[in-house]
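Okay, so here's the structure we're looking at.
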Amino acid sequence: MAHQQIQIFDTTLRDGEQVPGCKLNREEKLVIARQLELLGVDVIEAGFPVSSPGDFAAVQAIAAQTREATVCGLSRAVENDIRVAAEALQKARYPRIHTGIGTSDVHILHKLCTTREDVLARAVAAVKLAKSFVEDVEFYAEDAGRTDNEFLARVCEEVIKAGATVLNIPDTTGYCLPQEYGAKIKFLHENVRGIDNVRLSTHCHNDLGLATANSIAGVMNGARQIECTINGVGERAGNTALEEVVMILRQHPYLNLDTRINTRLLAETSAMVSHLMTMPVQPNKAIVGSNAFSHSSGIHQDGIIKHRETYEIIDPKEVGVADSSIVLTARSGRAALAYRLQKIGYDFEKVALNKAYACFLELADRKREVMDEDLHALVEQEKLVAVG
Ligand code: KIV
Ligand code: ZN
Numbered sequence: 000m001a002h003q004q005i006q007i008f009d010t011t012l013r014d015g016e017q018v019p020g021c022k023l024n025r026e027e028k029l030v031i032a033r034q035l036e037l038l039g040v041d042v043i044e045a046g047f048p049v050s051s052p053g054d055f056a057a058v059q060a061i062a063a064q065t066r067e068a069t070v071c072g073l074s075r076a077v078e079n080d081i082r083v084a085a086e087a088l089q090k091a092r093y094p095r096i097h098t099g100i101g102t103s104d105v106h107i108l109h110k111l112c113t114t115r116e117d118v119l120a121r122a123v124a125a126v127k128l129a130k131s132f133v134e135d136v137e138f139y140a141e142d143a144g145r146t147d148n149e150f151l152a153r154v155c156e157e158v159i160k161a162g163a164t165v166l167n168i169p170d171t172t173g174y175c176l177p178q179e180y181g182a183k184i185k186f187l188h189e190n191v192r193g194i195d196n197v198r199l200s201t202h203c204h205n206d207l208g209l210a211t212a213n214s215i216a217g218v219m220n221g222a223r224q225i226e227c228t229i230n231g232v233g234e235r236a237g238n239t240a241l242e243e244v245v246m247i248l249r250q251h252p253y254l255n256l257d258t259r260i261n262t263r264l265l266a267e268t269s270a271m272v273s274h275l276m277t278m279p280v281q282p283n284k285a286i287v288g289s290n291a292f293s294h295s296s297g298i299h300q301d302g303i304i305k306h307r308e309t310y311e312i313i314d315p316k317e318v319g320v321a322d323s324s325i326v327l328t329a330r331s332g333r334a335a336l337a338y339r340l341q342k343i344g345y346d347f348e349k350v351a352l353n354k355a356y357a358c359f360l361e362l363a364d365r366k367r368e369v370m371d372e373d374l375h376a377l378v379e380q381e382k383l384v385a386v387g
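If you use numbering that gives the first Met the number 0, the sequence shown corresponds to residues 0 to 387, in order.
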């Protein structure tokens with residue numbers, strides 16, 4: 000059976016860039032947008048045009064530059080926001096306006112200080128206005144994760160009638176459990192008239208570390224777009240990490256869901272975003288962390304050297320990493336030492352290897368990591384003789 004396409008909506012340049020310290024200038028945004036297009040994302044959320052003249056100019060430039068992907072601009076359900084977003088997107092080949100409003104009672108009562116009926120009316124008016132500028136209008140129901148499902152379904156139905164083409168169901172506060180979020184998407188799928196004519200989208204935040212799990216639960220229950228960022232950057236604990244959801248779908252083909260992402264560009268895209276945002280990637284980050292394909296314990300190293308798949312579910316080349324790495328520490332075994340010695344040109348018989356290993360352990364207990372230059376020095380000091 001052919002895989003169903005899940006669209007990847009990248010919001011690194013909007014939700015990701017909202018993080019303190021991650022601000023990008025126009026040129027940096029253009030460089031990242033070009034890379035996102037190469038990577039194969041379907042939608043680039045380029046910014047929030049009304050927020051500043053700089054962001055307006057960046058969205059405008061990305062709209063003019065981008066040829067394959069849809070370019071999206073964020074707005075609140077506010078007339079001026081929508082007009083400004085439409086203006087910034089004028090040169091886009093495939094423009095999309097993303098507009099919306101809070102739908103949870105906590106947002107309605109304490110932020111918007113209004114009523115459900117007023118929110119419904121504003122949502123519909125915003126979509127109608129956006130639709131007067133562009134064909135492709137995405138509506139977000141902010142804090143949908145904590146919104147009553149019946150009311151959410153009503154809002155969805157009305158904005159579909161007003162012309163929305165994509166319905167974004169954000170778990171803005173990262174509150175939901177995967178089964179709860181999946182059930183919400185299923186509920187909308189089954190209870191909203193007209194839902195088959197639009198695309199449901201996930202937009203999950205990571206406050207409880209569940210953003211990726213929730214996005215996957217969403218697509219397993221009928222969503223057909225995932226909103227995410229490179230390296231999972233985003234407000235507070237971040238957004239769903241693009242590289243994670245893409246690789247989950249790739250690694251589980253029986254789900255019959257896939258994306259257009261060229262996964263071989265994931266590592267370099269991650270490094271580019273990390274560098275330009277001056278936001279380091281944690282070493283143990285799935286897929287793109289520096290430790291994601293490195294092995295330092297003797298048991299694992301022995302397995303990896305014999306057969307890579309014993310301890311790796313992804314071939315590092317698939318995500319643009321040249322090779323798995325065998326890191327030498329005091330927890331490494333003889334097999335790893337022999338492997339690394341061989342890589343730098345030494346092949347030892349058993350007795351010499353045992354001697355080398357004893358010296359290596361002494362050194363490794365003093366150092367965090369034993370490097371190639373340490374191995375060369377060790378061989379010379381101990382006058383070890385290699386075969387061949
Ligand atoms: O998290 C959220 O609700 C958002 C919306 C503005 C889409 O980022
Ligand atoms: Zn968000």
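Cβ coordinates follow ideal geometry from the N, Cα and C atoms, glycine included.
Same chain only: Cβ atoms within 6 Å of Gln224, ignoring 5 sequence neighbours per side: Gln6, Phe8, Arg198 and Ser200
Does DSSP put Cys155 in a helix, a strand or coil? helix
Whole angstroms are fine: how far does the CA of Val18 sit from the CA of Glu234? 5 Å
Using the Cα positions of Arg259 and Leu37, report the straight-line distance between them to the nearest angstrom. 11 Å
Ordered along the chain, which non-local residues of its own chain (more than five positions away) have a Cβ less than 8 Å from that of Asn261? Leu37, Leu38 and Gly39
Evaluate Cys390 with the Cβ neighbour count: other Cβ atoms within 10 Å of its Cβ, from every protein chain shown; 16 or more gives buried, anything less gives exposed. No answer is possible for residue 390: the residues shown for the chain start at 0 and end at 387.
To the nearest angstrom, report how far apart Glu189 and Ala216 are at their CA atoms. 16 Å
Is the CB-CB distance between Val123 and Glu179 below 8 Å? By the CB criterion at 8 Å, Val123 and Glu179 fall outside the cutoff.
Is His202 close to the ligand KIV? I mean its beta-carbon at under 7 Å from any heavy atom of the ligand. yes
Can you give the Cα-Cα distance for Thr309 and Ile303, rounded to whole angstroms? Cα to Cα, Thr309 sits roughly 6 Å from Ile303.
Three-state secondary structure (DSSP) of Glu226: DSSP places Glu226 in strand when its eight states are reduced to three.
contact_flag[the region 204-212, the region 145-152] where n(CB pairs < 8 Å) is 3 or more: no
Please indicate yes or no: does the CB of Glu16 lie closer than 7 Å to some heavy atom of the ligand KIV? No - the ligand KIV has no heavy atom lying nearer than 7 Å to the Cβ of Glu16.
Would you please verify whether the beta carbon of Asp301 is less than 8 Å from any beta carbon of chain D? The structure shown contains no chain D, having only a single protein chain.
List the endpoints of the continuous beta strand (DSSP E) containing His202. Arg198 to Cys203
Given a cut-off of 8 Å, decide if Ala355 and Val384 are closer than it, judged by their beta-carbon atoms. no
Report back the beta-carbon spacing between Leu360 and Ala337 to the nearest angstrom; my notes put them in contact at under 8 Å. Not really, about 14 Å apart at Cβ, beyond 8 Å.
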